[in-house]
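Peer 1:
Numbering (the numbering used here), first residue to last: 405 to 564.
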């Protein structure tokens, strides 16, 4: 199993038992209120029959970034009894990504009203060789080409 890693980010509570993100090899680059930036490397078992990233892998990856942006890394006492989950999502696939490429998801909250929120997640792909030459892994200009856009609608509910 590939381990979930953090690059200078605070350990996020939802990653403790998130076996899907662990399997994907999710690396958290940045987490703040309403924002998350994560990346992973596409492996052979993440490809479809056409040799490109399976749409479900891109979706799951974006969904993990969405969850990190929706939920506080260190909840306050008033937030401790709630979680924020997806109420609905849409994804648009723009270009394919391939084995060995590094994909980065940038999740940002666009609106929040009561228990509902709206988030946009952009997913980029870049070859590992280009990533090494592109500068800081936290520099948005170094993420590569936009391959998908994910819009998430969130709802805060009580923990059960």
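For every residue, glycine included, the Cβ atom is placed at its ideal position computed from N, Cα and C. Here the structure is a predicted model, which means the values were calculated and not measured.
For residue 406, which residues of its own chain have a beta-carbon under 6 Å away from its beta-carbon, when the five flanking residues on both sides are left out?
Peer 2: Low per-residue confidence applies at residue 406: pLDDT is 46, beneath 50, and the placement is therefore not dependable, though the value from the model is reported in the following sentence. Short of 6 Å from the beta carbon of residue 406, and not among the five residues preceding or following it, lie these beta carbons of its own chain, in chain order: 429.
Peer 1: With DSSP as the reference, identify every bridge partner of residue 434, one or two as the case may be.
Peer 2: 441
Peer 1: With distances taken between CB atoms, is the gap from residue 489 to residue 557 smaller than 8 Å?
Peer 2: no
Peer 1: Does the distance from the CB of residue 457 to the CB of residue 509 come in under 8 Å?
Peer 2: no
Peer 1: Compare the beta carbon distance of residue 438 and residue 512 with 8 Å and say whether it is the shorter of the two.
Peer 2: yes
Peer 1: Closest to residue 505 by C-alpha separation, out of 521, 532, 527, would be which residue?
Peer 2: 532
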